[in-house]
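Colleague: The opening residue of the sequence shown carries number 8 in this note's numbering; numbering runs sequentially from there.
All C-beta atoms in this analysis are idealised placements derived from N, C-alpha and C, irrespective of residue type, glycine included.
Please read all numbers here as calculations on a predicted model, not as lab measurements.
Just dropping this structure here.
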Amino acid sequence: MPTWQRISLYCLLPFGGALVGISGAFDGLRSVSERLGRREAAFISIALFLVAVLMIAAVKRFKPAWLLKGGEQPVRISALRLVFPSIVVASITVALSPFWFNWVFPSDAGQATKGRNEVLSDLQARELRELAKRIAHKGEIELRETFDFVGMLKYNIATIRRSLSQTSVPPEMFHMTLFYEGGLQRIDKTFIKADHVNNRVVLTPIPGKFGVLHLSPTHIASRTLLTHYISSSELPTNVIDGLKRLDGAVDTNLTRMIESLNASLSEDRRNILLNDDPSSNWVGSATGRYWSHFIQLEPHAKDVNAEIRSALGVR
(Lines of atoms letter the chains of each structure in order from A; the text may use other names.)
(Lines give C-alpha, C1' and ligand atoms only; values in the text may rest on other atoms or scores of the structure.)
Protein backbone atom coordinates (compact mmCIF):
# COMPACT_ATOMS: atom_id res chain seq x y z
CA MET A 8 0.00 0.00 0.00
CA PRO A 9 1.42 3.43 -0.98
CA THR A 10 2.52 5.77 1.78
CA TRP A 11 -0.16 8.38 1.05
CA GLN A 12 -2.86 5.75 1.33
CA ARG A 13 -1.48 4.61 4.66
CA ILE A 14 -1.46 8.22 5.91
CA SER A 15 -5.06 8.72 4.77
CA LEU A 16 -6.23 5.43 6.19
CA TYR A 17 -4.55 5.58 9.58
CA CYS A 18 -4.31 9.34 10.24
CA LEU A 19 -6.43 11.73 8.18
CA LEU A 20 -9.67 9.77 7.99
CA PRO A 21 -9.79 8.82 11.69
CA PHE A 22 -8.71 12.32 12.69
CA GLY A 23 -11.38 13.97 10.51
CA GLY A 24 -14.00 11.55 11.75
CA ALA A 25 -13.00 12.30 15.31
CA LEU A 26 -13.42 16.06 14.76
CA VAL A 27 -16.86 15.61 13.23
CA GLY A 28 -17.90 13.24 15.98
CA ILE A 29 -16.63 15.50 18.76
CA SER A 30 -18.42 18.56 17.35
CA GLY A 31 -21.63 16.58 17.18
CA ALA A 32 -21.03 15.31 20.68
CA PHE A 33 -20.89 18.85 22.07
CA ASP A 34 -24.24 19.66 20.45
CA GLY A 35 -25.68 16.46 21.85
CA LEU A 36 -24.48 17.17 25.36
CA ARG A 37 -25.84 20.69 25.22
CA SER A 38 -29.26 19.39 24.20
CA VAL A 39 -29.28 16.82 27.01
CA SER A 40 -28.04 19.35 29.59
CA GLU A 41 -30.98 21.63 28.75
CA ARG A 42 -33.32 18.84 29.79
CA LEU A 43 -31.52 17.31 32.74
CA GLY A 44 -28.70 19.59 33.83
CA ARG A 45 -24.97 19.80 33.31
CA ARG A 46 -23.99 17.22 35.92
CA GLU A 47 -26.39 14.59 34.59
CA ALA A 48 -25.29 15.27 31.00
CA ALA A 49 -21.67 14.78 32.02
CA PHE A 50 -22.50 11.43 33.64
CA ILE A 51 -24.36 10.30 30.52
CA SER A 52 -21.50 11.31 28.21
CA ILE A 53 -18.91 9.51 30.33
CA ALA A 54 -21.04 6.36 30.42
CA LEU A 55 -21.60 6.40 26.66
CA PHE A 56 -17.91 7.01 26.01
CA LEU A 57 -16.86 4.09 28.20
CA VAL A 58 -19.40 1.79 26.60
CA ALA A 59 -18.20 2.75 23.12
CA VAL A 60 -14.54 2.24 24.03
CA LEU A 61 -15.24 -1.16 25.57
CA MET A 62 -17.18 -2.24 22.49
CA ILE A 63 -14.38 -1.16 20.15
CA ALA A 64 -11.77 -2.82 22.33
CA ALA A 65 -13.73 -6.06 22.45
CA VAL A 66 -14.14 -6.19 18.67
CA LYS A 67 -10.64 -5.02 17.71
CA ARG A 68 -8.56 -6.94 20.24
CA PHE A 69 -10.55 -10.19 20.25
CA LYS A 70 -12.48 -10.65 17.03
CA PRO A 71 -15.46 -12.98 17.42
CA ALA A 72 -15.67 -16.03 15.19
CA TRP A 73 -18.28 -14.47 12.91
CA LEU A 74 -15.86 -11.63 12.01
CA LEU A 75 -12.93 -13.92 11.15
CA LYS A 76 -12.26 -14.80 7.56
CA GLY A 77 -11.53 -18.33 6.50
CA GLY A 78 -8.37 -19.58 8.13
CA GLU A 79 -7.81 -16.36 10.06
CA GLN A 80 -6.82 -16.65 13.68
CA PRO A 81 -7.65 -14.18 16.48
CA VAL A 82 -4.83 -11.67 16.78
CA ARG A 83 -4.14 -9.16 19.54
CA ILE A 84 -3.87 -5.58 18.33
CA SER A 85 -1.92 -2.79 20.01
CA ALA A 86 -3.86 -0.32 22.16
CA LEU A 87 -2.59 2.58 20.05
CA ARG A 88 -4.69 1.49 17.08
CA LEU A 89 -7.80 1.60 19.30
CA VAL A 90 -7.56 5.33 20.02
CA PHE A 91 -8.99 6.90 16.87
CA PRO A 92 -11.77 4.36 16.26
CA SER A 93 -12.79 4.61 19.92
CA ILE A 94 -12.94 8.42 19.77
CA VAL A 95 -14.95 8.38 16.55
CA VAL A 96 -17.53 5.82 17.71
CA ALA A 97 -17.83 7.28 21.20
CA SER A 98 -18.27 10.82 19.85
CA ILE A 99 -20.93 9.74 17.37
CA THR A 100 -22.71 7.83 20.13
CA VAL A 101 -22.78 10.94 22.34
CA ALA A 102 -23.84 13.08 19.36
CA LEU A 103 -26.88 10.85 18.86
CA SER A 104 -27.80 10.98 22.56
CA PRO A 105 -30.45 13.76 22.18
CA PHE A 106 -32.41 11.66 19.73
CA TRP A 107 -32.76 8.58 21.91
CA PHE A 108 -33.18 10.77 24.99
CA ASN A 109 -36.09 12.69 23.45
CA TRP A 110 -37.55 9.38 22.29
CA VAL A 111 -37.42 7.89 25.81
CA PHE A 112 -38.44 11.14 27.58
CA PRO A 113 -40.73 13.07 25.20
CA SER A 114 -41.33 16.70 26.07
CA ASP A 115 -44.40 18.85 25.61
CA ALA A 116 -44.67 20.78 22.38
CA GLY A 117 -44.67 24.13 24.14
CA GLN A 118 -41.83 23.31 26.46
CA ALA A 119 -39.12 24.04 23.89
CA THR A 120 -40.06 27.70 23.77
CA LYS A 121 -39.35 28.24 27.50
CA GLY A 122 -40.80 31.69 27.88
CA ARG A 123 -38.96 33.99 25.50
CA ASN A 124 -37.70 31.11 23.33
CA GLU A 125 -34.50 31.11 25.30
CA VAL A 126 -32.70 28.41 27.21
CA LEU A 127 -32.95 29.05 30.93
CA SER A 128 -29.67 29.57 32.70
CA ASP A 129 -29.04 28.42 36.26
CA LEU A 130 -29.51 32.00 37.45
CA GLN A 131 -32.87 32.31 35.68
CA ALA A 132 -34.10 29.00 37.09
CA ARG A 133 -33.05 30.06 40.60
CA GLU A 134 -34.82 33.42 40.19
CA LEU A 135 -38.01 31.69 39.06
CA ARG A 136 -37.99 29.28 41.99
CA GLU A 137 -37.44 32.10 44.48
CA LEU A 138 -40.31 34.04 42.94
CA ALA A 139 -42.58 31.02 43.20
CA LYS A 140 -41.67 30.51 46.85
CA ARG A 141 -42.05 34.15 47.89
CA ILE A 142 -45.17 35.10 45.95
CA ALA A 143 -46.60 32.78 43.30
CA HIS A 144 -47.20 29.72 45.53
CA LYS A 145 -49.19 31.67 48.14
CA GLY A 146 -52.92 31.58 48.61
CA GLU A 147 -55.30 34.52 49.06
CA ILE A 148 -54.88 34.87 52.84
CA GLU A 149 -51.09 34.60 52.62
CA LEU A 150 -50.96 37.23 49.87
CA ARG A 151 -53.08 39.64 51.91
CA GLU A 152 -50.68 39.14 54.80
CA THR A 153 -47.64 39.49 52.53
CA PHE A 154 -48.83 42.92 51.37
CA ASP A 155 -50.20 43.68 54.85
CA PHE A 156 -53.70 44.69 53.77
CA VAL A 157 -55.28 43.39 56.97
CA GLY A 158 -52.93 45.36 59.23
CA MET A 159 -53.08 48.54 57.15
CA LEU A 160 -56.90 48.47 57.10
CA LYS A 161 -57.04 48.02 60.86
CA TYR A 162 -54.64 50.84 61.72
CA ASN A 163 -55.91 53.29 59.10
CA ILE A 164 -59.37 52.88 60.61
CA ALA A 165 -57.80 53.54 64.02
CA THR A 166 -56.09 56.65 62.61
CA ILE A 167 -59.40 58.06 61.36
CA ARG A 168 -61.07 57.17 64.65
CA ARG A 169 -58.38 59.10 66.52
CA SER A 170 -58.98 62.18 64.34
CA LEU A 171 -62.73 61.95 64.98
CA SER A 172 -62.33 61.57 68.75
CA GLN A 173 -59.73 64.15 69.67
CA THR A 174 -60.50 63.84 73.37
CA SER A 175 -59.84 60.10 73.55
CA VAL A 176 -56.73 58.17 72.68
CA PRO A 177 -57.43 54.78 71.08
CA PRO A 178 -56.00 51.85 73.06
CA GLU A 179 -54.07 50.75 69.96
CA MET A 180 -52.25 54.12 69.73
CA PHE A 181 -48.96 52.65 70.96
CA HIS A 182 -49.18 49.77 68.49
CA MET A 183 -49.99 52.22 65.68
CA THR A 184 -46.74 54.06 66.29
CA LEU A 185 -44.76 50.83 66.04
CA PHE A 186 -46.80 49.64 63.07
CA TYR A 187 -46.11 52.71 60.94
CA GLU A 188 -42.49 53.21 61.96
CA GLY A 189 -40.44 53.16 58.75
CA GLY A 190 -43.54 53.24 56.54
CA LEU A 191 -44.79 55.75 53.98
CA GLN A 192 -47.91 57.77 53.24
CA ARG A 193 -50.05 57.64 50.11
CA ILE A 194 -51.79 60.90 49.22
CA ASP A 195 -55.06 60.90 47.31
CA LYS A 196 -55.82 64.35 45.93
CA THR A 197 -59.48 63.39 45.60
CA PHE A 198 -59.85 63.65 49.37
CA ILE A 199 -57.25 66.27 50.30
CA LYS A 200 -56.09 69.62 48.89
CA ALA A 201 -52.49 69.83 47.77
CA ASP A 202 -51.13 73.34 47.09
CA HIS A 203 -47.62 74.39 46.08
CA VAL A 204 -46.38 77.21 48.29
CA ASN A 205 -42.80 78.51 48.06
CA ASN A 206 -41.51 75.34 46.39
CA ARG A 207 -43.20 73.04 48.87
CA VAL A 208 -46.45 71.12 48.99
CA VAL A 209 -49.03 72.15 51.59
CA LEU A 210 -51.72 69.57 52.34
CA THR A 211 -55.08 70.86 53.56
CA PRO A 212 -57.62 68.31 54.79
CA ILE A 213 -61.09 68.44 53.29
CA PRO A 214 -63.71 68.42 56.08
CA GLY A 215 -65.26 65.00 56.46
CA LYS A 216 -62.66 63.38 54.20
CA PHE A 217 -59.62 61.19 54.80
CA GLY A 218 -56.90 61.83 52.20
CA VAL A 219 -53.76 60.18 53.64
CA LEU A 220 -53.35 56.42 53.62
CA HIS A 221 -50.58 55.06 55.85
CA LEU A 222 -48.52 52.26 54.33
CA SER A 223 -46.69 49.86 56.62
CA PRO A 224 -43.02 48.84 56.29
CA THR A 225 -44.16 45.29 55.53
CA HIS A 226 -46.19 46.49 52.57
CA ILE A 227 -43.35 48.68 51.32
CA ALA A 228 -40.90 45.76 51.52
CA SER A 229 -43.25 43.43 49.62
CA ARG A 230 -43.93 46.00 46.90
CA THR A 231 -40.18 46.63 46.59
CA LEU A 232 -39.62 42.89 46.14
CA LEU A 233 -42.38 42.76 43.53
CA THR A 234 -40.82 45.70 41.66
CA HIS A 235 -37.47 43.90 41.73
CA TYR A 236 -38.93 40.88 39.99
CA ILE A 237 -40.80 43.02 37.46
CA SER A 238 -37.59 44.82 36.48
CA SER A 239 -35.49 41.63 36.49
CA SER A 240 -33.69 40.79 33.26
CA GLU A 241 -33.59 37.11 34.23
CA LEU A 242 -37.34 36.44 34.08
CA PRO A 243 -39.31 35.52 30.93
CA THR A 244 -41.65 38.13 29.49
CA ASN A 245 -44.79 36.10 30.27
CA VAL A 246 -43.83 35.90 33.94
CA ILE A 247 -43.13 39.64 34.12
CA ASP A 248 -46.48 40.42 32.48
CA GLY A 249 -48.25 38.33 35.13
CA LEU A 250 -46.35 40.14 37.89
CA LYS A 251 -47.41 43.50 36.44
CA ARG A 252 -51.05 42.43 36.62
CA LEU A 253 -50.56 41.36 40.23
CA ASP A 254 -48.88 44.66 41.05
CA GLY A 255 -51.76 46.51 39.39
CA ALA A 256 -54.27 44.63 41.55
CA VAL A 257 -52.28 45.50 44.69
CA ASP A 258 -52.19 49.17 43.74
CA THR A 259 -55.90 49.24 42.92
CA ASN A 260 -56.67 47.71 46.32
CA LEU A 261 -54.82 50.58 47.99
CA THR A 262 -56.95 53.07 46.07
CA ARG A 263 -60.09 51.17 46.99
CA MET A 264 -59.07 51.18 50.65
CA ILE A 265 -58.99 54.96 50.88
CA GLU A 266 -62.16 55.24 48.77
CA SER A 267 -63.96 52.66 50.92
CA LEU A 268 -62.97 54.31 54.19
CA ASN A 269 -64.15 57.68 52.93
CA ALA A 270 -67.45 56.15 51.81
CA SER A 271 -67.94 54.60 55.26
CA LEU A 272 -67.06 57.89 56.92
CA SER A 273 -69.43 59.90 54.72
CA GLU A 274 -72.28 57.47 55.22
CA ASP A 275 -72.11 57.42 59.01
CA ARG A 276 -69.30 58.28 61.44
CA ARG A 277 -70.28 55.26 63.50
CA ASN A 278 -69.03 53.00 60.70
CA ILE A 279 -65.54 54.11 61.75
CA LEU A 280 -66.04 54.85 65.44
CA LEU A 281 -67.80 51.57 66.25
CA ASN A 282 -66.22 49.29 63.63
CA ASP A 283 -64.30 47.39 66.33
CA ASP A 284 -67.05 47.44 68.98
CA PRO A 285 -68.58 43.94 69.12
CA SER A 286 -71.57 45.22 71.13
CA SER A 287 -72.72 47.69 68.43
CA ASN A 288 -74.66 47.25 65.21
CA TRP A 289 -71.79 48.87 63.30
CA VAL A 290 -69.15 46.31 64.17
CA GLY A 291 -67.20 45.34 61.05
CA SER A 292 -69.11 47.80 58.85
CA ALA A 293 -66.03 49.66 57.55
CA THR A 294 -63.93 46.53 57.12
CA GLY A 295 -66.79 44.64 55.49
CA ARG A 296 -67.30 47.41 52.94
CA TYR A 297 -63.63 47.32 51.97
CA TRP A 298 -63.33 43.54 51.62
CA SER A 299 -66.45 43.46 49.46
CA HIS A 300 -64.62 45.67 46.93
CA PHE A 301 -61.23 44.00 47.31
CA ILE A 302 -59.67 42.52 44.15
CA GLN A 303 -58.62 38.93 44.77
CA LEU A 304 -54.85 38.46 44.48
CA GLU A 305 -54.68 34.67 44.28
CA PRO A 306 -55.89 34.38 40.64
CA HIS A 307 -53.04 36.68 39.53
CA ALA A 308 -50.56 34.69 41.60
CA LYS A 309 -51.81 31.46 40.01
CA ASP A 310 -51.28 32.93 36.55
CA VAL A 311 -47.71 33.84 37.51
CA ASN A 312 -47.15 30.37 38.93
CA ALA A 313 -48.43 28.77 35.72
CA GLU A 314 -45.97 30.83 33.66
CA ILE A 315 -43.15 29.86 36.03
CA ARG A 316 -43.97 26.16 35.68
CA SER A 317 -44.09 26.54 31.90
CA ALA A 318 -40.72 28.29 31.86
CA LEU A 319 -39.17 25.59 34.07
CA GLY A 320 -40.71 22.82 31.99
CA VAL A 321 -42.77 21.46 34.88
CA ARG A 322 -46.07 19.83 34.01
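Check whether the region 211–223 touches the region 134–150, counting contact only when three or more Cβ pairs, one atom from each stretch, lie closer than 8 Å.
Modeller: No contact exists between the region 211–223 and the region 134–150.
Colleague: State the Cα-Cα distance for the pair S317 and M264, rounded to the nearest angstrom.
Modeller: Using only the alpha carbons, I get a separation of about 34 Å.
Colleague: Helix, strand or coil for L261 per DSSP?
Modeller: Correct three-state label for L261: helix.
Colleague: Between L304 and V246, is the Cβ-Cβ spacing less than 8 Å?
Modeller: No, the Cβ-Cβ distance between L304 and V246 is not below 8 Å.
Colleague: Rounding to the nearest angstrom, what Cα-Cα distance links A228 and D155 in this structure?
Modeller: For A228 and D155, the distance between alpha carbons rounds to 10 Å.
Colleague: Measure the beta-carbon distance from I164 to L268 and round it to whole angstroms, keeping in mind my assumption that it falls under 8 Å.
Modeller: The Cβ separation is near 7 Å, so the contact holds.
Colleague: Give the single residue among L250, G320 and T294 whose Cα lies nearest to the Cα of K309.
Modeller: The shortest C-alpha separation from K309 is found at L250.
Colleague: Kindly give me the distance between the Cβ atoms of G158 and S238, rounded to whole angstroms, as I take these residues to be in contact under 8 Å.
Modeller: G158 to S238, Cβ: 26 Å. No contact.
Colleague: With DSSP run on the structure shown, which of helix, strand or coil describes D202?
Modeller: The answer is strand: DSSP assigns D202 an E or B state.
Colleague: One question on the structure: do A270 and I279 come within less than 8 Å of each other, judged by their Cβ atoms?
Modeller: Against a cut-off of 8 Å, the Cβ pair of I279 and A270 comes out as no contact.
Colleague: DSSP three-state label for T211, please.
Modeller: In this structure, T211 counts as strand in the three-state DSSP scheme.
Colleague: Which one or two residues does DSSP pair with Q192 in a beta bridge?
Modeller: BP columns for Q192 point to H221.
Colleague: Mind checking which residues open and close the alpha helix (DSSP H) that includes H307?
Modeller: Start and end: E305 to L319.
Colleague: Only counting the same chain, and skipping five residues up and downstream in sequence, which positions put a Cβ closer than 7 Å to that of H226?
Modeller: Once the five neighbours on either side are set aside, the close Cβ partners of H226 are F154, D155 and M159.
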